[in-house]
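According to numbering that gives the first Met the number 0, numbering within the first sequence proceeds without interruption in unit steps and concludes at 590. For reference, the structure discussed in these notes is given below.
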Amino acid sequence: MRLQRTYWCGNISGKNIGEKVVLAGWVQGRRDHGGLLFVDLRDRSGLVQLVFDQERHGSLFAAAEKLRSEYVLAVSGVVIGRSPETLNPKLATGEVEISVEDMDLLNTAKVPPFYIEDNIDTDENLRLRYRYLDLRRPEMQEMLKLRHRLLMATRKCLDERGFLEIDTPMLTRSTPEGARDYLVPSRVSPGFFYALPQSPQLFKQLLMVGGVERYFQITRCFRDEDLRADRQPEFTQIDMELSFCTRTEIIAEVEALMADLFQAILGQKLDTPLPALSHSEAMERYGSDKPDTRFGMELQDISEIAGECSFKVFSQAISGGGAVKGINVRGQGTFSRKELDDLTALVQSWGTGGLAWMIVTEDGFKTPIAKFFTAEQLDRLGKHMHAENGDLLLFVADKKENTQKILGQLRVHLARQLDLVPEGKHHLLWVLDFPLFVYDHEEKRYTSNHHPFTAPREEDIPMLQTEPLEVRSLAYDLIYNGVEIAGGSIRIHGGEMQETVFRLLGLTQEELDEKFGFLLEAFEYGAPPHGGIAFGLDRLLMLMSERKSIRDVIAFPKTAAGTCLLTGAPATVSPGQLKDLHIYTVNRKRS
RNA sequence: GGAGCCGUGGUGUAGUCUGGUUAACAUGCCGGCCUGUCAAGCCGGAGAUCGCGGGUUCGACUCCCGUCGGCUCCGCCA
0 MRLQRTYWCG NISGKNIGEK VVLAGWVQGR RDHGGLLFVD LRDRSGLVQL
50 VFDQERHGSL FAAAEKLRSE YVLAVSGVVI GRSPETLNPK LATGEVEISV
100 EDMDLLNTAK VPPFYIEDNI DTDENLRLRY RYLDLRRPEM QEMLKLRHRL
150 LMATRKCLDE RGFLEIDTPM LTRSTPEGAR DYLVPSRVSP GFFYALPQSP
200 QLFKQLLMVG GVERYFQITR CFRDEDLRAD RQPEFTQIDM ELSFCTRTEI
250 IAEVEALMAD LFQAILGQKL DTPLPALSHS EAMERYGSDK PDTRFGMELQ
300 DISEIAGECS FKVFSQAISG GGAVKGINVR GQGTFSRKEL DDLTALVQSW
350 GTGGLAWMIV TEDGFKTPIA KFFTAEQLDR LGKHMHAENG DLLLFVADKK
400 ENTQKILGQL RVHLARQLDL VPEGKHHLLW VLDFPLFVYD HEEKRYTSNH
450 HPFTAPREED IPMLQTEPLE VRSLAYDLIY NGVEIAGGSI RIHGGEMQET
500 VFRLLGLTQE ELDEKFGFLL EAFEYGAPPH GGIAFGLDRL LMLMSERKSI
550 RDVIAFPKTA AGTCLLTGAP ATVSPGQLKD LHIYTVNRKR S
């Protein structure tokens with residue numbers, strides 16, 4: 000480069016008038032008036048207008064006429080103030096322009112496959128395939144800056160609070176429980192595999208045994224499961240662990256971090272302590288362990304009335320030990336029969352028998368199941384549902400957990416469809432006291448709700464042997480607008496309790512020794528009481544920046560099928576590479 | 001593993017339900033004109049075998065089957 004940059008485009012202002020500057024960047028656009036040519040020059044900081052005047056600039060003008068979008072330039076010139084009628088209030092630098100005196104064409108460019116500007120409506124395939132062009136768009140640059148600020152603010156806050164950032168291995172061992180692992184074959188140990196970490200869970204607990212006391216790490220985690228709008232196979236966690244802390248203290252630490260991040264990213268003060276719900280209350284009221292509390296439509300339990308009525312779907316659900324619950328969709332009594340049929344089909348696809356509906360009118364309830372209820376029962380039902388004229392009541396009858404789950408999903412679905420979710424709100428909420436175990440009907444055994452290192456609530460410990468499903472844990476999830484953004488727990492720190500839990504999970508002594516022996520051994524050497532939490536950083540940023548997909552806050556994300564459209568990963572490898580790794584493949588789909 | 005939606009010049013869309021002449025519109029691109037634009041303007045031009053394969057038909061962008069790619073959701077994700 001012949002010309003050395005002295006300023007960034009977006010930083011030029013009226014203060015620089017008369018100054019000679021050197022700028023560099025990409026050609027955003029060009030307006031050719033014949034003898035007068037305007038070029039918008041863009042760099043990371045913004046845009047500034049360059050002017051080429053045929054009379055004043057002579058030979059330079061001919062070169063300027065050859066400029067095209069995304070050509071790369073360095074220019075030197077004088078900052079001049081624009082005359083009043085040519086000011087551009089839409090541009091941060093619209094007060095000035097650069098009268099170019101010298102130009103260095105650093106590179107040409109092909110015509111880009113989409114517009115390098117905000118709010119483009121282009122196939123995401125193209126954006127991902129040409130991500131380096133997508134990233135040039137101002138809103139993507141903004142995202143990268145925001146992500147950087149989030150990382151910096153996290154490090155600053157946790158450093159000030161006495162946490163040490165310590166990195167842990169990426170090549171580690173596969174452990175049972177949890178998500179499917181990404182495996183890495185070992186060349187030097189034929190037939191042996193590393194696993195990429197699903198989280199640094201075991202290492203951070205070992206760091207506590209190692210006397211670190213306060214640890215954090217911003218690290219990549221890998222889970223080989225199917226993707227969603229808020230799930231990528233590799234994602235970034237803010238991982239934390241503390242020794243000698245109660246759950247209350249850990250929650251306070253996390254709230255302090257969140258308050259700092261809200262200030263740094265949103266410029267908002269976060270009111271702490273944050274509200275909290277027990278898991279059972281969240282399930283009862285919202286049918287979800289990650290309730291979106293930005294809108295109402297809470298679940299109402301009508302099991303008592305359902306048990307009395309003669310509608311078999313309801314009464315049999317109750318006599319079979321299940322529950323009947325409903326939601327009141329305010330003012331939506333205008334749903335057509337077809338719309339209701341579609342909703343029914345939807346909940347059926349989610350795994351329940353059907354959907355009962357009632358429309359509240361001046362003349363009572365309009366519903367196909369009216370004849371199964373007495374007038375008194377309907378009256379009570381209406382009161383229970385807080386029914387008013389024009390409301391739509393929807394009911395599900397099933398096993399209690401299923402009733403709640405289906406209605407919870409329906410609640411969120413309808414809120415989105417009916418646009419009931421307020422924009423621009425940032426609702427944070429703790430969900431506490433998750434059950435320690437859930438029963439896996441397929442595998443016919445208990446599995447950990449959080450993970451196997453989660454401690455039970457002290458008062459529930461006696462139930463471990465008698466009613467394990469009733470045992471509540473010292474786990475906590477942080478929910479942000481109905482999305483889980485962090486989850487953690489107080490850990491088990493005694494080898495005996497840890498063994499009890501592993502046994503309940505159905506691990507044999509052999510497996511236990513092989514897979515977790517090192518942890519149990521560590522616990523025998525004076526493990527301090529400890530606990531921690533891990534944030535999904537990508538999700539956090541997605542919510543803070545109000546974007547719809549986690550892909551929009553990751554520089555190089557993968558598609559729903561886990562492929563990278565830019566690099567073509569995953570891809571085949573040479574037979575030689577496979578041979579080195581002692582691997583042969585079968586039934587190869589892609590060639 | 002399952003369900004739904006989408007795929008038409010470089011880009012965004014129309015046309016597809018109800019098969020029938022040169023596949024339309026906007027923008028971008030190329031060329032010309034033009035000294036105050038900033039979504040510049042005016043004139044002209046090039047550019048799509050309609051994701052791919054097969055079937056039905058005299059005839060397929062359109063109907064049917066399959067397949068590939070993308071998105072969303074369920075399962076899965078301690």
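All C-beta atoms in this analysis are idealised placements derived from N, C-alpha and C, irrespective of residue type, glycine included. These numbers were taken from a predicted model, which means no experiment stands behind them.
DSSP lists Leu241, Ile489 as the bridge partner or partners of Gly530. For Asn87, the closest C-alpha among the options Phe394, Glu116, Val47 is that of Val47. Taking 8 Å as the upper bound for CB-CB distance, Val95 and Gly80 are in contact here, some 6 Å apart.
Only residues of its own chain outside the window of five on either side were considered, and among them Leu205, Val208 have a CB closer than 7 Å to the CB of Ala521, listed in chain order.
In the assembly as shown, Asn448 is a buried residue. Its beta-carbon has 16 or more other beta-carbons within 10 Å. Looking from the CA of Arg1, the closest CA among Asp117, Ala73, Gly530, Pro528 belongs to Ala73.
For Gly575, the uninterrupted alpha helix (DSSP H) segment begins and ends at 574-579.
Proximity to Gln376 across Leu339, His440, Glu303 peaks at Glu303, based on C-alpha coordinates. Taking the Cβ atoms as the reference, Gly332 lies roughly 4 Å from Ile358, within the contact range of under 8 Å. CA-CA distance, Gln231 to Phe436, rounds to 26 Å.
Excluding sequence positions up to five before and after Gly494, its CB lies within less than 7 Å of the CB of Leu519, Phe522, Glu523, all in the same chain and listed in chain order. Assignment of Val110 by DSSP, reduced to helix, strand and coil, places it in the coil class.
If one requires a minimum length of 3 residues, the beta strand (DSSP E) runs lying completely within the stretch 497-545 are 529-535, in chain order. By the Cβ-count criterion, Gln236 is buried, with 16 or more other Cβ atoms from all chains shown falling within 10 Å of its own Cβ. Minimum Cα-Cα distance from Ile115 among the listed residues Asp122, Asp103, Leu134 corresponds to Leu134. Relative to Gly177, the option among Thr343, Met543, Pro199 whose CA is nearest is Pro199. In this structure, Lys324 sits away from Phe234, with a CB-CB distance that is not shorter than 8 Å.
The way I'd put it, the stretch 103-113 does touch the stretch 123-132; three or more beta-carbon pairs between them come closer than 8 Å. Between the beta-carbon of Leu150 and that of Met169 there is about 18 Å, and that puts the pair past the 8 Å contact cut. Separation of the CB atoms of Glu64 and Ala108 is rounded to 16 Å, and the pair is thereby denied contact status at 8 Å. Counted as a single uninterrupted DSSP element, the stretch harbouring Arg222 is not any beta strand (DSSP E), since DSSP gives it neither H nor E. Assigned with DSSP and collapsed to three states, Met384 falls in coil, not helix or strand.
Taking the C-beta atoms as reference points, Glu212 is found nearer than 8 Å to Ser242. Going by beta carbons, Gly330 and Asp390 fall inside the 8 Å limit. Contact between Ile368 and Ala386 does not hold, since their C-beta atoms are separated by about 15 Å, which reaches or exceeds 8 Å. Under the three-state reduction of DSSP output, Met357 falls in the strand class.
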